[in-house]
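Here the structure is laid out as structure tokens; the discussion comes afterwards.
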Ligand SMILES: [Fe+2]
């Protein structure tokens, strides 16, 4: 049998879609081929579940060991890994939980997975400098409308519907810690790194939209328009300026771009 | 730079040990000559892992050991992976870059395991061709390690030790001989571990791995979560009598003990190698 076909059969055996490989492999004097192939098959599932547990400790603490094992296996079955490092094997887990029954009915699961993932990303995302408020102050106010931001490469920001940032530390300290499962809080979370320190901060829905727009490359003027539909036009510029100052203070802005004075 | 065979006695670099290596007791740190890193763990954009890596590198020689090369896969080689591996090697300047005789997946999937190959002429030709491509891409020779295996293929026609030796001769790669893996596979498949060692030409061996395993009585699994067992130490003594003083390291990936404890285990490798070299000889 050609090597390519044999590898395909072996892999199908690991994934559980075929047992044909068993007629091509040998066990030993003590165990048959099925038992010895089972070493690979068990290792495949166990290794991925364990890796997900390491990458998503908040989700594991929230779900509990048995339920985590179950959901991780369901995820691996649906999304076999295509990444070269096992470290990234869980990258589709938050969206899997958001879409699949029964997980989609519990927003805590998706929010926690998303939060875990953002922290894992920030941990070893690229190093980069940050600029402070002084750099913004150096830009004449009449040019602010055209200002665009280069956000820090460690930054992630996403919408949540639960106060998962408050609950995660409690659950990591004690997986049986009590919390109010019915509690909801609309808005976003931003996660980033300064030096070696991971940071996170809850933001309200307006700031969440503004930051999402900034990440998508919107100029300050466009950010103002984004939120203007939800606040008075006057207030929109004020709020957006406040957000911008905050982002600079927290260290999530790597660089700032604007049209040079005098240019059209 | 010294040839990899001359590096002496090393350990796998694990994040738990950064403080002991960088800020701990210097006498303990001095008992380790070099570190092996898992390449994929440092193929990241930035942050603490890379900073710690380079801090350790400033003090110790290193070897890069990967798990994702998938040299035996019939999928195309992953060029982006090779680019990243080359970039990491430019940073780390390792004594050698190694991976395993295995495949990790086909059809674009990654099983994240070191899967066995049927040991046939077809597989040998396939693997040698790909080693050539990898060595050309990286601009350096690589070492390929024998993996622990749990099944053999009915269609295999070449004993693993012959496959390994012939692979190295044909492709120009070197061998990373994992003595524990020889022991594990010998038990699992019922061949004599000594035959394996005696069939490997000494000049092809770049360095040696030692590790602990999990004995399930009817089969052994290569778990790297226990100390090296006596049977593997005996086989190691046999290996160093044949290969001479060759660079050796201990792999520990789970239930990781204190750095000093691993350094103590490594001292045993040094003693065995010294004894094998004879009473008056010093081992690198
Ligand atoms: Fe090894």
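Chains as they are written, first to last, in the working numbering: chain A, 13 to 276; chain B, 5 to 288.
Yeah, the Cβ is synthetic: ideal placement off N, Cα and C, and Gly gets one too.
Contact with chain A is absent for residue 150 of chain B, since none of that chain's Cβ atoms lies less than 7 Å from the residue's Cβ. Cβ proximity to chain B below 9 Å picks out nothing from the segment 213-240 of chain A.
The beta carbon of residue 96 of chain A sits closer than 7 Å to some beta carbon of chain B. At least one CB atom of chain A sits nearer than 7 Å to the CB of residue 107 of chain B. Residue contact with chain A for residue 176 of chain B: absent (no Cβ-Cβ distance below 7 Å to any residue of chain A). Under the 8 Å Cβ criterion, the segment 160-175 of chain B does not count as touching the segment 247-256 of chain B, having fewer than three qualifying pairs. Sequence-distant partners of residue 18 of chain B (beyond 5 residues in either direction) whose C-beta falls short of 6 Å from its own C-beta, in its chain, are 260.
At a Cβ-Cβ threshold of 7 Å, residue 76 of chain B and residue 43 of chain B do not count as neighbours. Boundaries of the beta strand (DSSP E) around residue 204 of chain A: 199-206. Put simply, the residues with a CB less than 5 Å from any heavy atom of ligand 1 are B:182, B:213, in chain order.
Residue 208 of chain A is a Cβ neighbour of residue 52 of chain B, given a cutoff of 7 Å.
Taking the Cβ atoms as the reference, residue 93 of chain B lies roughly 6 Å from residue 101 of chain B, within the contact range of under 8 Å.
Counting the other Cβ atoms within 10 Å of the Cβ of residue 184 of chain B gives 16 or more, which makes it buried. Closer than 7 Å to the CB of residue 130 of chain B there is at least one CB belonging to chain A. The alpha carbon of residue 234 of chain B has as its nearest neighbour, out of B:63, B:130, B:48, B:217, the alpha carbon of B:217.
Counting only unbroken stretches of 3 or more residues, the beta strand (DSSP E) elements lying wholly within the segment 75-106 of chain B are 101-104, in sequence order. Cβ contact annotation for residue 157 of chain B (same chain, cutoff 6 Å, sequence separation greater than five): 122, in chain order. The residue from B:192, B:198, B:194 with its alpha-carbon nearest to that of residue 181 of chain B is B:198. Residue 242 of chain B and residue 201 of chain B do touch by the CB rule: their CB atoms are close to 6 Å apart, below 8 Å.
In this structure, residue 110 of chain A lies near residue 116 of chain A, with their beta-carbon atoms less than 7 Å apart.
With fewer than 16 other Cβ atoms inside 10 Å of its own Cβ, residue 26 of chain B counts as exposed. Straight-line spacing of the CA atoms in residue 169 of chain A and residue 145 of chain A works out to 21 Å. A contact is defined here as three or more CB-CB pairs under 8 Å, and the segment 231-238 of chain A meets this definition with respect to the segment 157-166 of chain A. With respect to the 7 Å criterion, residue 162 of chain A and residue 266 of chain A are classified as neighbours on the basis of their beta carbons. At least one beta carbon of chain B lies nearer than 7 Å to the beta carbon of residue 56 of chain A. By the Cβ rule, the segment 92-108 of chain A does not count as touching the segment 190-203 of chain A, because fewer than three pairs are nearer than 8 Å.
Burial state of residue 115 of chain B is buried, judged by a 10 Å Cβ sphere holding 16 or more other Cβ atoms. For the segment 106-191 of chain A, the continuous alpha helix (DSSP H) assignments of 4+ residues that do not extend past its boundaries occur at 119-136, 145-149, 176-185, in sequence order.
If you compare the alpha carbons of B:24, B:54, B:162 with that of residue 138 of chain A, the shortest gap goes to B:54.
Judged by DSSP secondary structure, residue 262 of chain A falls within the alpha helix (DSSP H) whose first and last residues are 245-262. Against chain A, a Cβ distance below 8 Å from residue 82 of chain B picks out 96. Residues of chain B whose Cβ lies closer than 7 Å to the Cβ of residue 26 of chain A are, in chain order, 115. Counting C-beta pairs with one atom in each stretch, the segment 28-38 of chain B and the segment 191-205 of chain A have fewer than three that are closer than 8 Å, which means they do not touch. Only residues of its own chain outside the window of five on either side were considered, and among them 192, 223 have a CB closer than 7 Å to the CB of residue 154 of chain B, listed in chain order. In terms of beta-carbon proximity, residue 112 of chain A stays away from the interface with chain B, with every pair separated by 7 Å or more. Taking residue 139 of chain B as the centre and dropping the five residues before and after it, the same chain places the C-beta of 145, 146, 175, 176, 177 closer than 8 Å to its C-beta, in chain order.
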